[in-house]
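Trainee: Mind having a look at this structure? Questions to follow.
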Ligand code: G3H
Ligand code: ZN
């Protein structure tokens, strides 16, 4: 069924695993991620950035594709459609009205008081519709679509606690050294802060920039209260590799199904691997 993230993440935190957010880029990503979730009997969060929604047609298109596939594939595991890095109240409102079951309001670039004010407005509307809300503090490095950062700023634990208490969000993404896109060398995550923030807020934490984080860091993050891990680049790399390899061998191929099919298989296998690594397999 299509659900919000609230119950999914509460259960994950209580049982010591993380639910993956896998970002949609097109139809094949949507197919592959839903197939993986069903085959692994895992809950799943479909992340949709504003850029990806634009590319696919709009929020309504995304919801229709997901609902259609869930029906045709007979998907029984819990699925959330989540706006990733929502840039404004208006954008979150549009996604909610189009049928998204979860939104992230990313006002992390604004001054703290503005972040609290915007996030509170989103929570009020979202909760009225049974939609869950993720908010962010600090700065995740790197670039994802429209979200660009020069450096990395670690979230402040005191501010995290205050944001949570004043807004009523369902989960929190404290930036603690993670980066969108590939890492240059090993990531240097702030586990001390993560533990502190997890304890102070009592909420499931979200780890952005899941691509390239080694398994021992994933396990540590989960043990400190991380219940949602976002992955996009790794699936993009796997799918691009499959297309390149297919077309390198079949140089005369022009039927998109012949090169996007292998891309879809590569995404599905990558996602299944992540679900096992995050511990969400068999937890639907
Ligand atoms: O919001 C999406 C994620 O944080 C994806 O990060 O592309 O580095 O896996 P990634
Ligand atoms: Zn992110």
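Numbering (my numbering), first residue to last: 3 to 286. Backbone N, C-alpha and C define an ideal beta-carbon position, used for all residues, glycine too. None of the values given here were measured: they were computed from a predicted structure.
1. Take every Cβ of the segment 86-96, pair it with every Cβ of the segment 120-128, and state whether three or more of those distances are shorter than 8 Å.
2. Apart from the five residues on each side of it in sequence, which residues of its chain come closer than 8 Å, Cβ to Cβ, to residue 118?
3. From residue 32 to residue 103, what does the alpha carbon distance come to, in whole angstroms?
4. Return yes when the C-beta of residue 232 is under 6 Å from any heavy atom of ligand 2, and no when it is not.
5. According to the neighbour-count rule (16 or more other Cβ atoms, all chains shown, within 10 Å of its Cβ), is residue 145 buried or exposed?
6. If you reduce the DSSP assignment to three classes, tell me which class residue 291 lands in.
7. Could you check whether the segment 49-64 touches the segment 251-269, counting it as contact only if at least three pairs of C-beta atoms, one from each stretch, sit closer than 8 Å?
8. What's the C-alpha gap between residue 210 and residue 230?
9. CB-CB under 7 Å to residue 98, same chain, minus the five flanking residues each way: which ones, in chain order?
10. When burial is assigned at 16 or more other CB atoms within 10 Å of the CB, is residue 68 buried or exposed?
11. So, is residue 60 buried or exposed, given that buried needs 16 or more other C-beta atoms within 10 angstroms?
12. Are residue 58 and residue 65 touching if we call contact CB-CB under 7 Å?
Mentor: Reading off the structure:
1. Three or more Cβ pairs drawn from the segment 86-96 and the segment 120-128 lie within less than 8 Å of each other, which places the two stretches in contact.
2. Answer for residue 118: 164, 165, 168, 169, listed in chain order.
3. So the alpha carbons of these two residues sit roughly 16 Å apart.
4. Here the distance from the Cβ of residue 232 to the nearest heavy atom of ligand 2 is below 6 Å.
5. Residue 145 should be labelled exposed.
6. Residue 291 lies beyond the residue range present for the chain, which begins at 3 and ends at 286; the question has no answer from this structure.
7. Between the segment 49-64 and the segment 251-269 there are fewer than three inter-stretch CB-CB distances shorter than 8 Å, so the stretches are not counted as touching.
8. The alpha-carbon atoms of residue 210 and residue 230 are separated by roughly 9 Å.
9. Excluding residues up to 5 positions away in sequence, 105, 127, 128, 131, 133 lie with their Cβ nearer than 7 Å to the Cβ of residue 98 in the same chain.
10. Classification for residue 68: buried.
11. Exposed.
12. Contact flag unset, no.
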